[in-house]
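Residue numbers (our numbering): 72 to 627.
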């Protein structure tokens with residue numbers, strides 16, 4: 072059986088000019104990065120802004136397990152399937168982070184015969200967007216420390232510096248560090264921290280910004296520290312905004328690549344969904360809606376994280392409205408949620424399936440809270456049995472969901488036609504009445520409680536004294552109307568990663584909160600979730616290599 076990277080490397084790609092032409096983009100609106108990658112020019116949107124919007128389909132999933140769910144694979148395959156049905160479709164995805172690529176999860180280009188290519192480029196440096204974000208983030212950190220060193224005219228309290236440096240790599244040793252050691256000229260000694268680039272506020276800003284003007288305004292509002300009087304100090308106060316914008320002027324432009332079957336894919340931005348808002352850029356999604364009849368996008372991790380943030384943050388801020396949601400599950404993952412060990416997931420086990428399917432049930436209920444039609448799809452494995460598939464089909468249909476098997480990993484677009492037909496049927500016959508989960512006017516604590524109880528199924532919320540104090544200050548500063556971005560582990564509906572299925576009688580623990588004033592949301596950290604992941608005992612990086620003829624191996 073061929074690996075994903077072998078399939079991708081054997082692909083015959085079309086020139087990106089031809090991919091662009093298939094959706095009406097002229098070469099003058101492309102900024103080429105070789106033959107198979109391009110950025111879309113700033114003036115393209117002005118040319119297409121009066122086009123009617125196509126339909127917007129969100130792909131999400133149950134809570135991830137080691138068994139795999141195939142959310143990106145399904146997204147890509149669905150786009151390929153629509154193309155086979157002569158529908159004008161575009162895929163809108165996030166860019167992969169180097170952290171998972173070299174860690175444990177692998178890349179984010181899809182899999183099998185439902186991939187976006189060039190796969191190696193996408194999973195590594197791509198068009199340099201993440202490098203630009205990292206540079207802008209760390210420029211701001213450098214200007215902040217330099218201001219303190221050079222006389223500290225703003226009266227910044229070094230004990231209240233909240234801006235963190237970032238790097239796009241899993242590196243637990245950088246979570247808590249000390250900077251400024253050495254001579255007096257080497258800076259002021261203070262505690263500092265790193266986050267992974269995909270958790271940087273600048274990543275969120277880039278993905279939520281409407282245009283370069285909005286980007287610049289958002290960057291200027293970033294709170295980097297507090298002065299000795301307790302007042303916020305911003306990037307504008309440090310006169311850092313212009314230089315940061317200069318570093319990001321190309322990164323804000325969406326990237327165009329293709330699937331293995333030459334379906335256009337806009338891949339732009341990449342915030343994690345467990346510690347950030349988990350959606351691709353608003354600009355890319357907007358462009359896709361103007362260029363195609365159907366846009367298929369995804370949100371990270373399970374629906375309790377990515378889909379909730381897509382609905383309550385991205386859609387709330389941008390005015391986007393999903394017309395349907397595709398909820399991805401696998402028989403194997405549902406059995407894992409039912410208590411089956413990973414090495415026994417290939418065996419038919421209807422009893423475990425009945426126990427684990429409650430995880431899918433909760434995610435169906437959650438999407439229905441937003442009044443958006445749901446289509447459940449099973450990402451098919453050869454070990455799945457007819458009895459297991461039929462059990463899940465009946466379960467979904469009893470809950471008012473359409474259902475389809477997806478075989479896109481094995482068959483590409485052809486294997487997604489059954490799913491595409493169900494999605495089309497849903498778009499034509501079921502109306503979306505999308506609305507956010509909560510109103511802006513609720514207090515921050517009420518918003519956190521609403522998400523925790525309605526989406527996670529929690530009994531209640533425990534606010535640690537530090538978090539309660541931080542939330543009160545954030546509201547006193549005038550940010551109480553912002554939506555909340557919950558930072559929570561992705562494996563469980565609860566904040567305890569070991570509680571699989573559909574846990575009950577649990578509380579969500581809020582240990583810390585801070586405002587991302589440029590992005591426009593308040594982050595609440597739950598449980599033990601980290602904004603800088605670590606590497607596993609055997610990182611994926613150990614198996615990645617380059618042959619003598621320059622071909623990358625081991626990337627997945």
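We treat Cβ as the ideally placed atom computed from N, Cα and C, and that holds for glycine.
Predicted model only: the values in this text are computed from it and were never measured.
Between residue 161 and residue 362, the C-beta spacing is below 8 Å. Judged by pairs of C-beta atoms under 8 Å, the stretch 121-137 touches the stretch 393-406, as three or more such pairs exist.
When only Cα atoms are considered, residue 219 and residue 259 end up about 8 Å apart.
For residue 517, the enclosing alpha helix (DSSP H) has its first and last residue at 515-521. For the stretch 103-181, the full-length beta strand (DSSP E) segments reaching 3 residues or more read 109-111, 126-132 and 160-164 along the chain. Burial check for residue 324: the Cβ neighbour count within 10 Å reaches 16 or more, so the residue is buried.
In the structure shown, the three-state DSSP call for residue 373 is coil. Sequence-distant Cβ neighbours of residue 513 in its own chain, meaning closer than 8 Å and more than five residues away, are 521. Secondary structure of residue 186 (DSSP, three-state): strand.
Contact annotation: the stretch 406-416 does not touch the stretch 143-152, with fewer than three C-beta pairs closer than 8 Å.
In the DSSP assignment, residue 230 falls within the beta strand (DSSP E) that extends over 227-232. If the five residues before and after residue 497 are omitted, its C-beta is found closer than 6 Å to the C-beta atoms of 395, 444, 446 and 473, all from its own chain and listed in chain order. The secondary-structure analysis by DSSP pairs residue 527 with nothing; it has no beta-bridge partner. A Cβ-Cβ distance of about 5 Å is found for the pair residue 163 and residue 356, placing them in contact under the 8 Å criterion. For residue 134 and residue 568, the gap between their C-alpha atoms comes out near 10 Å. The beta carbon of residue 511 sits closer than 6 Å to the beta carbons of 552 from its chain, once the five residues preceding and following it are set aside; these are given in chain order.
For residue 310, the three-state secondary structure derived from DSSP is coil.
DSSP, read as helix, strand or coil, puts residue 321 in coil.
Membership of residue 274 in any beta strand (DSSP E) is not indicated; the residue belongs instead to the alpha helix (DSSP H) covering 272-279. Relative to residue 236, the option among 229, 230 and 245 whose CA is nearest is 245.
Judged by DSSP in its simplified three-state form, residue 403 adopts helix. DSSP places residue 561 in the coil class of the three-state scheme, outside both helix and strand. Between residue 398 and residue 348, the gap from beta carbon to beta carbon reaches 8 Å or more. DSSP places residue 578 inside the beta strand (DSSP E), whose first and last residues are 578-587. Within the DSSP secondary-structure output, residue 381 pairs in no beta bridge. Looking at the backbone, the Cα of residue 187 and that of residue 609 are separated by about 27 Å.
Straight-line spacing of the CA atoms in residue 251 and residue 385 works out to 38 Å. By the Cβ neighbour-count rule, residue 317 is exposed, with fewer than 16 other Cβ atoms within 10 Å of its own. Residue 449 is a Cβ neighbour of residue 401, given a cutoff of 8 Å. Within the stretch 457-494, the runs of beta strand (DSSP E) that reach at least 3 residues and sit entirely inside it are, in chain order, 473-477. For residue 449, DSSP records a beta bridge to 400 and 476. DSSP lists 248 as the bridge partner or partners of residue 263. Around the Cβ of residue 89, a 10 Å sphere holds fewer than 16 other Cβ atoms; the residue is exposed. In terms of Cβ geometry, residue 457 and residue 125 do not form a close pair [threshold 8 Å].
Per DSSP, residue 592 lies in no alpha helix (DSSP H); the unbroken beta strand (DSSP E) holding it starts and ends at 592-597. According to DSSP, residue 326 shares a beta bridge with 110 and 338.
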